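This report refers to the structure that appears directly beneath it.
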Amino acid sequence: MRLLPAFALAAACTAFAPGIAAASSPVDVATAHGTFTAYAPGAHAVTYRPDLVPDGARARVFSVSAPHAGTTTTLVVTGLRPGRAYGAHAHTQPCGATGDAAGPHFQHAPDPVKPSVDPAYANPRNEIWLDFTTDRLGTGVGRSTVDWTFGARRPRSVVVHETHTHTDPGHAGTAGARLACLDVGF
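In case it helps, mature numbering (1 follows the signal peptide of the UniProt record, and there is no 0) puts the sequence shown at residues -17 to -1, 1 to 169.
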């Protein structure tokens, strides 16, 4: 994570979040990329279900935050199963030996009830949802834009889930099993 003047990144950032190039405002940029492998200590891109996120599949995350513009996050994946719907979200903890190690979804306004399945908290305006469907080559792109920026609390990973994210009460924010995880230094 680096804090840079907006004019230094204006050209690159406007492609991801039009309107953020206010010359006097700082822009917070995070990037991460990795090739999914089985868990090993120090791994930053882990697959928990190689049948759905094969060893060698890749992910890249780019996130831009700026005051008065919010946060735009893009996830690009390659090498996954073709023609399949996946969910993906920013999570509170880094990747670990199991998908549960990444903790719950990062929420701008945290739900006091855990696990959070209340649509008032578990929604794409309060969380970073990056759901995607892969094309015939196994490539997918997910994008989230929220009207807030990060403070002291920040997500630490992006987790790929088994299904697109549900929105109905009692199931809001759920997306099935955790298939893979990429550490991201938001």
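Glycine included, C-beta positions come from ideal geometry on N, C-alpha and C. Since this is a predicted model, take the numbers as computed values, not measurements.
With contact defined as three or more Cβ pairs closer than 8 angstroms, the stretch 92 to 103 and the stretch 28 to 40 are not in contact.
Put simply, the backbone Cα of V124 is about 14 angstroms away from that of H144. DSSP places A84 within a helical segment (H, G or I) once states are collapsed to three. Cβ neighbours of T56 within its own chain (closer than 6 angstroms, five residues either side excluded): S46, I111 and S127. With a beta-carbon spacing of about 4 angstroms, R43 and H16 fall inside the 8 angstroms limit used to define contacts.
Note on H51: under 16 other CB atoms within 10 angstroms of its CB, so exposed under the neighbour-count rule. The C-beta distance from A163 to T146 rounds to 14 angstroms, too long to meet the 8 angstroms contact threshold. As computed with DSSP, R139 is found in no beta bridge at all. For secondary structure counted as the alpha helix (DSSP H) over 4 or more consecutive residues, the stretch 12 to 99 holds no complete run.
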